[in-house]
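In the working numbering, the protein residues as written are 426 to 860.
The beta carbon of each residue, even a glycine, is placed where N, CA and C say it ideally should be.
Please read all numbers here as calculations on a predicted model, not as lab measurements.
Please read the structure below before turning to the comments.
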Ligand code: AMP
Ligand code: GLY
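Right, dumping it as C-alpha cells:
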C-alpha cells in the first residue's frame with residue numbers, strides 16, 4: 426500500500442483523499458484545521474499553518490511517504506514541492522518556478538506570447554503608470570485590471586462589474602503597482618467560462634471532463650465573487666454550450682503551455698494544469714491557469730474517475746502518463762456548496778450546523794468547518810459540498826439540492842446551479858454571440 430502525504434484540509438482535499446484511498450493508498454494529512462471527513466480517511470493528521478514548512482518537514486519525516494499531493498495554491502506557490510523534493514519526496518504539484526503559471530498573471534501572459542501560443546486577449550504588463558491611459562483608450566469599454574499575484578480571485582477587477590471607467594481602472598492599477606510592482610491590463614472577453622483541468626507529467630497532458638463553476642454568491646449570478654458556489658459537468662464530458670472542437674482547442678493550448686513551461690524554466694510541470702477558459706465569438710481564450718485542482722471542480726471529476734488515482738499520480742511523477750489510459754464514467758455531476766449566512770463578507774463564523782440524513786447517492790465533502798466534541802462549527806468560508814451524480818445534469822441537480830436542504834443552521838446555497846433554466850440561458854448566450 427502506498428503512503429501518501431496530503432497537504433490541505435478543504436473539500437478538495439477531502440475528495441482527493443477519498444479517491445486515493447479507494448485506489449489503495451494510505452493517507453497522512455497535514456492541514457490547518459480538523460476536517461471531519463479527512464479525519465476519518467487519514468491514518469495520521471497533523472494540524473499546523475500551511476506556511477510552517479518546518480512543521481510540514483518534520484511530519485513528512487515521521488511519515489516517510491511514497492509521494493505527496495498538495496491541494497491548495499498557497500503552499501505550492503511558496504515552494505512546498507521544492508522543500509519536499511529536497512527530502513527526496515516527489516509531489517503531484519509543481520515546483521515553485523513552474524507554479525508561476527498560477528502565481529503570476531504576467532508570467533503566463535508573457536509565456537503564451539513569447540512561445541506564439543494562441544489564446545491571450547490583448548494585454549500589457551505595466552511597471553509604471555506611463556502608457557496605461559493610451560492602452561485603455563485602445564481597449565475602450567472592455568478592460569480588466571489584474572494584480573500580479575495570488576489574491577484568492579480578489580485581485581481581478583472587470584469593467585462594468587467593479588470598474589466604471591478608465592480613471593477607476595488607473596487608480597486600481599496604481600494600487601496594484603504599489604503593492605506588487607507590476608500590473609496586467611487586458612481586454613475584457615465576452616463569452617461563457619469553463620474549467621478544463623488536465624493531468625500533466627511535464628510532457629503529456631490528459632484532460633478531465635469540462636466543468637462550469639459559479640463564482641457569484643447569489644442565484645442569477647448576482648452578488649459578490651466567492652471561491653466558487655458550485656459547479657456541474659455533463660455525462661459526455663463536454664458542457665451543454667460547448668462542442669468537441671472547443672475542448673480540443675483548450676486541450677491543445679494546455680499541451681503547448683506545458684511544453685513552453687519546460688523550455689522556459691527547464692523544469693517540468695508535474696501536477697494539475699487547470700485552465701480557466703472562455704468560449705468567445707472568436708474561439709477559445711485563456712482567462713488564467715491554476716497549478717492545482719479546482720475547488721469545487723475536483724468534486725465533479727474525481728468521484729467519476731475510473732482509473733486508479735494512485736497509478737495516475739505515479740505516472741505524473743514518473744513522466745509516463747502517455748502509457749496510462751485514463752477514463753471517467755459517463756455520468757453528470759452537480760456540486761453545491763453550503764456556505765455561512767453573510768458569506769463571503771460577514772460570515773456567521775463559529776455557529777453550529779447539523780447535517781440531517783443525507784439522501785442515498787449523494788457525496789458529501791467537508792470544507793472549512795471544524796470538528797469538535799460539540800459538533801460541527803462554521804468558519805468564515807464555505808462549509809460543506811454536496812455532489813449529486815446522475816444520468817443527466819437535471820437528475821444530478823435534484824439529488825444535490827435535496828441533500829442541501831438537509832442542513833440546519835445559519836447557511837445558504839445557490840438553488841440555480843445545474844438547473845435547466847440557468848443552463849438554457851448559457852446556451853442561448855453562446856448561440857447569440859456565435860451567431
Ligand atoms: P482570474 O483570477 O484571472 O480567474 O479572474 C477572476 C474572474 O475575473 C474570472 O473568472 C473572470 O470571470 C474574470 N476575468 C478575468 N479576466 C477576464 C477577461 N480578460 N475578460 C473577462 N473576464 C475576465
Ligand atoms: N474554482 C475556482 C478555483 O479553484 O480557483
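Item	Value
So what does DSSP say about residue 613, is it helix, strand or coil?	coil
What is the chain-ordered set of residues for which the beta carbon lies under 5 Å from any non-hydrogen atom of ligand 2?	638, 653, 719 and 720
Measure from the C-beta of residue 450 to each C-beta in chain B and report whether the shortest distance is under 7 Å.	In summary, chain B is missing from the structure at hand, where a single protein chain is found.
In the DSSP assignment, find the unbroken beta strand (DSSP E) run with residue 800 in it and report its ends.	800-803
Going by C-alpha to C-alpha distance, which of 479, 752, 444 and 700 sits closest to residue 526?	700
Would you mind reading off the limits of the beta strand (DSSP E) that contains residue 715?	708-715
Look at the Cβ atom of residue 827, then the Cβ atom of residue 781, and state whether they are nearer than 7 Å.	no
With burial defined as no fewer than 16 other Cβ atoms inside 10 Å of the residue's Cβ, what is the status of residue 707: buried or exposed?	exposed
Ordered along the chain, which non-local residues of its own chain (more than five positions away) have a Cβ less than 7 Å from that of residue 466?	442, 443, 446 and 452
Give me the residue from 471, 670 and 715 with the minimum Cα distance to residue 683.	715
Residue 583: beta carbon under 6 Å from a heavy atom of ligand 1?	yes
Is residue 858 near ligand 1, with its Cβ less than 6 Å from a heavy atom?	no
Relative to ligand 1, is the shortest distance from any of its heavy atoms to the C-beta of residue 424 smaller than 6 Å?	As shown, the chain starts at 426 and ends at 860. That puts residue 424 outside it, with no answer to give.
From what residue to what residue does the beta strand (DSSP E) around residue 469 run?	467-472
Which class does residue 487 belong to by DSSP, given the choice of helix, strand or coil?	helix
At a cut-off of 6 Å, would you count residue 563 as near ligand 1, judging by its Cβ distance to the nearest heavy atom?	no
Taking 6 Å as the cut-off, is the CB of residue 649 close to at least one heavy atom of ligand 1?	no
Express the C-alpha separation of residue 771 and residue 688 in angstroms, rounding to a whole number.	45 Å
What ranges does the alpha helix (DSSP H) occupy inside the segment 505-563, keeping only unbroken runs of at least 4 residues that lie completely in it?	505-511, 521-528 and 530-539
In whole angstroms, what separates the C-alpha of residue 833 from that of residue 778?	6 Å
Residue 838 by DSSP, collapsed to three states: which one?	coil
Sort out for me which residues DSSP pairs residue 656 with in a bridge.	638 and 760
Take the Cβ of residue 500 as the centre, count every other Cβ of all protein chains shown within 10 Å, and call the residue buried at 16 or more, exposed below.	buried
Where does residue 599 fall in DSSP's three states?	helix
Is residue 614 near ligand 1 - that is, is its Cβ less than 6 Å away from at least one heavy atom of it?	yes
So, for residue 736: in the same chain, excluding its five sequence neighbours on each side, which residues have a beta-carbon less than 8 Å away from its beta-carbon?	448 and 749
Compare the beta carbon distance of residue 838 and residue 761 with 7 Å and say whether it is the shorter of the two.	yes
Taking DSSP as the reference, what is the three-state secondary structure of residue 446?	helix
Whole beta strand (DSSP E) runs in the segment 663-725 with 3 or more residues, listed along the chain?	696-705 and 708-715
Given 6 Å as the limit, tell me if residue 769 has its C-beta closer than that to any heavy atom belonging to ligand 1.	no
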